[in-house]
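Accompanying notes for the structure given below.
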Amino acid sequence: MKDFLKGILEVQELDIKMMRLMKIKKQRLDQLAEIRALSAELNDQFKSKKKKIEEINEECTLFETKIEEHKERIKKLESQQGSIKKIEEFNAITKEIQVLEKEKTSAEQTLSDHVDDRAQEEELLEQIKASIKESNESGKALEEEIYEMIRQINTEGTALKQSRDELAGNVNRDMLLIYEKLLRNKKSRVVVPLENRVCTGCHIALTPQHENLVRKGDKTVYCEHCSRIHFWAETAPAVEAEAAAGKKRRRRQTLST
């Protein structure tokens, strides 16, 4: 393997670590967004329930007023019946009283339904208030924890970026630009070893001729399928060999389970 490719591999290891950190950071920021979305949703539900209760209260007031007006009207008509001499007038008042009684009964039933609805909505409102309190308490602690994790990620990321830039300064400029372009496209390892004549990036088998070119290490060899840069696994630096060993251990553990 050429020295400049070894340098690219070292840069790649730091880039992969930074990408992992960014992924974790995004996950934590997504958690924050979920916490805030839940809080906003609960507050919207609280406002909606409160508004609905206010509307029910207004309806209750209207029907209470209507019932009282009917009572007063019925009482007045009943007092008039005693002084009426003509049967036709008496019957007319009686009929009007019956209509008013029917309307009053209907209004009382509607009022009762509104009162029941209000009780249910008030119960739900209390549940939402309890959820808001619980969410605020747990959410605050979780937010502080997430902010601390993000702070640590930023600190570690800054250190990695500094180390990465120092390494990149010693790498062939043209090769670095090619590597960085591949990394932007793939968003994963782009300098990968061959294993059993298979690209460990796209996992597609390659020709014996391709394998021989990679084994020689005289020039940069690209995968004809995914355009990743290949190197011979036996010449990988310690950091790459350690990563490969970790993958094999995980595969063995998976098979054993």
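Going by our numbering, the letters in the sequence shown line up with residues 44 to 300, in that order. All C-beta atoms in this analysis are idealised placements derived from N, C-alpha and C, irrespective of residue type, glycine included. This structure is a prediction, so every number in the text was calculated from the model and none was measured.
Integer Cβ distance of Cys-242 from Val-233, believed to fall under 8 Å = About 11 Å; that fails the 8 Å criterion.
Over what stretch of residues does the beta strand (DSSP E) that includes Leu-249 continue unbroken?
-> In the DSSP assignment, Leu-249 falls outside any beta strand (DSSP E) and carries neither an H nor an E.
Closest by C-alpha distance to Thr-111, when choosing among Gly-200, Arg-227, Glu-144, Lys-183 = The question names Thr, yet the displayed sequence has Glu at residue 111. Ranking the options by Cα distance to Glu-111, first place goes to Glu-144.
What three-state label does DSSP hand Cys-103 in the structure shown?
-> helix
What is the rounded straight-line gap between the Cα of His-157 and the Cα of Lys-94?
-> 14 Å
Should Lys-92 go down as buried or exposed, given a rule of 16 or more other Cβ atoms within 10 Å for buried?
-> buried
Would you mind stating whether Ile-127 and Phe-133 have Cβ atoms separated by less than 8 Å?
-> yes
Near Ile-189, what residues of its chain come up, given a Cβ to Cβ distance below 7 Å and the 5 sequence neighbours on each side ignored?
-> Arg-71, Gln-74, Leu-75
Distance, Cα to Cα, Lys-49 vs Glu-209?
-> 15 Å
Determine the closest residue to Leu-237 out of Ser-231, Asn-228, Ile-247, with distance taken between C-alpha atoms.
-> Ile-247
Thr-278 in three-state terms, based on DSSP = The predicted model places Thr-278 with a pLDDT of 49, which falls under 50 and marks its position as unreliable, so this point remains unresolved.
Applying the criterion that 16 or more other CB atoms from any shown protein chain within 10 Å of the CB defines a buried residue, is Glu-191 buried or exposed?
-> Exposed.
Smallest Cα separation from Leu-226: which of Pro-251, Lys-68, Gln-123, Ile-272?
-> Out of Pro-251, Lys-68, Gln-123, Ile-272, the CA that lies nearest to the CA of Leu-226 is found in Ile-272.
Return the residue from the list Ile-130, Phe-274, Ser-270 that minimises the CA-CA distance to Lys-262.
-> Phe-274
Could you give the DSSP three-state label for His-273: helix, strand or coil?
-> strand
Is Glu-267 helix, strand or coil by DSSP?
-> coil
What first and last residue would you give for the alpha helix (DSSP H) that runs through Val-234?
-> Taken as a continuous stretch (DSSP letters only), Val-234 belongs to no alpha helix (DSSP H), being part of the beta strand (DSSP E) at 234-238.
Please determine if the region 144-154 and the region 96-115 are in contact, where contact requires at least 3 C-beta pairs separated by less than 8 Å.
-> yes
Is Ile-99 near Glu-199, with beta carbons less than 8 Å apart?
-> no
Determine, using beta carbons only, whether Leu-249 and Met-61 come nearer to each other than 8 Å.
-> no
With C-beta atoms as the reference, is Ser-178 less than 8 Å away from Ser-270?
-> no
When DSSP labels each residue in this structure, what does Val-241 get in the three-state scheme?
-> strand
Looking only at C-alpha atoms, which of Gln-88, Asn-239, Ser-155 sits nearest to Glu-254?
-> It is Asn-239 whose Cα lies nearest to the Cα of Glu-254.
DSSP three-state call for Ser-149: helix, strand or coil?
-> helix
How many whole angstroms separate the CB atoms of Ala-211 and Val-54, which I take to be in contact at a CB cut-off of 8 Å?
-> The C-beta distance from Ala-211 to Val-54 rounds to 5 Å, short enough to meet the 8 Å contact threshold.
Buried or exposed for Ile-130, please, with buried defined as at least 16 other CB atoms from any protein chain shown within 10 angstroms of its CB.
-> exposed
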